[in-house]
Amino acid sequence: MVIPVYNRPEKVRRAIDSVLNQTTSPKEILITNDGSTDKTVEVLEEYARNFPALIRCVEHRQNQGVSASRNTAIKQASGDWIALLDSDDEWLTEKLTQQCNYHNQHPNLLLSQCNEIWIRNGNRVNKRDIHRKRGGCIFKASLKLCLVSPSAAIIHRSVFDEIGYFDETMPACEDYDFWLRALVKYPIGFLDKNLVKRYGGHDDQLSAKYWGMDRWRVRAIEKHRHTDIPEDWKIALYEELINKLEVLYQGAAKRDKPEAKKYRQKIERYRDKLRNLSVDS
Numbered sequence: 106m107v108i109p110v111y112n113r114p115e116k117v118r119r120a121i122d123s124v125l126n127q128t129t130s131p132k133e134i135l136i137t138n139d140g141s142t143d144k145t146v147e148v149l150e151e152y153a154r155n156f157p158a159l160i161r162c163v164e165h166r167q168n169q170g171v172s173a174s175r176n177t178a179i180k181q182a183s184g185d186w187i188a189l190l191d192s193d194d195e196w197l198t199e200k201l202t203q204q205c206n207y208h209n210q211h212p213n214l215l216l217s218q219c220n221e222i223w224i225r226n227g228n229r230v231n232k233r234d235i236h237r238k239r240g241g242c243i244f245k246a247s248l249k250l251c252l253v254s255p256s257a258a259i260i261h262r263s264v265f266d267e268i269g270y271f272d273e274t275m276p277a278c279e280d281y282d283f284w285l286r287a288l289v290k291y292p293i294g295f296l297d298k299n300l301v302k303r304y305g306g307h308d309d310q311l312s313a314k315y316w317g318m319d320r321w322r323v324r325a326i327e328k329h330r331h332t333d334i335p336e337d338w339k340i341a342l343y344e345e346l347i348n349k350l351e352v353l354y355q356g357a358a359k360r361d362k363p364e365a366k367k368y369r370q371k372i373e374r375y376r377d378k379l380r381n382l383s384v385d386s
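So this is what it looks like as structure tokens:
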């Protein structure tokens, strides 16, 4: 299993402890320290010293981002199955046991996710229906927003061999991009049990660091413009591109940014594509 971390000593301690407390122990715990400059290094050294047969830490001398951190560890993992855990989340004790059992019962599935509990600013919050986790062929549904959480997922190595790793050129929405690339090819299993605590609302989240997050979502969707997918998926793809570009255009135009013209041109181009698809169908 894989944990990327950058400057989160207490959060990563909670994450590691949640893995060590599993009723089914992972074969290995690979942690990428992504150039941390605080006490994270000392915390990781402590765990590596106390659990030398289980925990292996990989060092990035400079901060390279969460995609590079995940990729570094995934490439060094020795098992056929990869479980991900973000450093600010934690697993409940039955997570691996329950999800491994699920895959034993569904040997044809190469991806799965479980349900999760959301904690925001220290309080449990109810998810809106739009965020509801699900399984099956969910590429079309996932265009609007990311429906898979890394910390809830288990992935067979062959998936990475087929679609590649997390895109290291994307500073944000890299998980949205990865899951679109995976879900366009694979159905995903869903274990409807709360087995992960997902924390939000803290200042070091990527969503709090970058403005205009839809820029990266647009880039992720655009990768699939020429993919051979069902007609209704293609229509949904262009509809969502237009929706997200409209948001970006309104924001750029309001601030008199030069990007507004580019966004407007793309909107018109994708509207033409959508009209042609609608006529053909």
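Heads up: the sequence shown begins at 106 in our numbering, then just goes up one per residue. For every residue, glycine included, the Cβ atom is placed at its ideal position computed from N, Cα and C.
Residue i versus the options, residue with shortest Cα-Cα distance
i, options, result
"L346", "H329, E267, P255 and D272", "H329"
"S123", "A158, R239, Q181 and S256", "S256"
"C251", "E273, A358 and E279", "E279"
"N209", "H261, T137 and R118", "H261"
"T177", "W186, D185 and V163", "V163"
"E151", "G184, E115 and D139", "E115"
"R239", "L288, D185, P212 and R303", "L288"
"D282", "E327, A357, N168 and Y343", "E327"
"N138", "H331, N226 and Y111", "Y111"
"Q167", "V146, D185 and I160", "V146"
"E344", "V301, E195, L300 and E373", "E373"
"N228", "R303, E364 and L125", "R303"
Cα-Cα separation between residue i and residue j, rounded to whole angstroms
i, j, result
"H165", "V384", "52 Å"
"D377", "Q370", "11 Å"
"N381", "P335", "15 Å"
"R154", "D143", "19 Å"
"I259", "A188", "4 Å"
"M275", "G269", "14 Å"
"G64", "D361", "Look at the range of the chain in this structure, 106 to 386, and you will see that residue 64 is not part of it."
"E221", "D234", "14 Å"
"G263", "W223", "Inspection of the sequence shows that residue 263 is occupied by Ser rather than by Gly. Roughly 30 Å separates the two Cα atoms."
"P212", "L149", "35 Å"
"L248", "D333", "16 Å"
"R118", "W338", "41 Å"
"W196", "Y375", "41 Å"
Short Cβ contact (8 Å threshold) for residue i with residue j
i, j, result
"G305", "L214", "no"
"E273", "S141", "no"
"K245", "A341", "yes"
"I179", "I136", "no"
"V253", "Q218", "yes"
"S183", "A120", "no"
"R175", "F271", "yes"
"D185", "V301", "no"
Are the stretch 345-355 and the stretch 318-327 in contact at 8 Å, needing three or more beta carbon pairs? Taking 8 Å as the limit for Cβ pairs, the verdict is that the stretch 318-327 does touch the stretch 345-355.
Three CB pairs or more closer than 8 Å across the stretch 115-135 and the stretch 190-200: The count of Cβ pairs closer than 8 Å, one atom from the stretch 115-135 and one from the stretch 190-200, reaches three, so the stretches are in contact.
Beta strand (DSSP E) segments (min. 3 residues) lying fully within the stretch 246-277: DSSP assignment within the stretch 246-277 yields the following whole beta strand (DSSP E) runs of 3 residues or more, N-terminal first: 258-261.
Could you pull out every unbroken alpha helix (DSSP H) segment of at least 4 residues lying fully inside the stretch 134-222, listed in chain order? Whole alpha helix (DSSP H) segments, 4+ residues: 145-155, 171-181 and 200-210.
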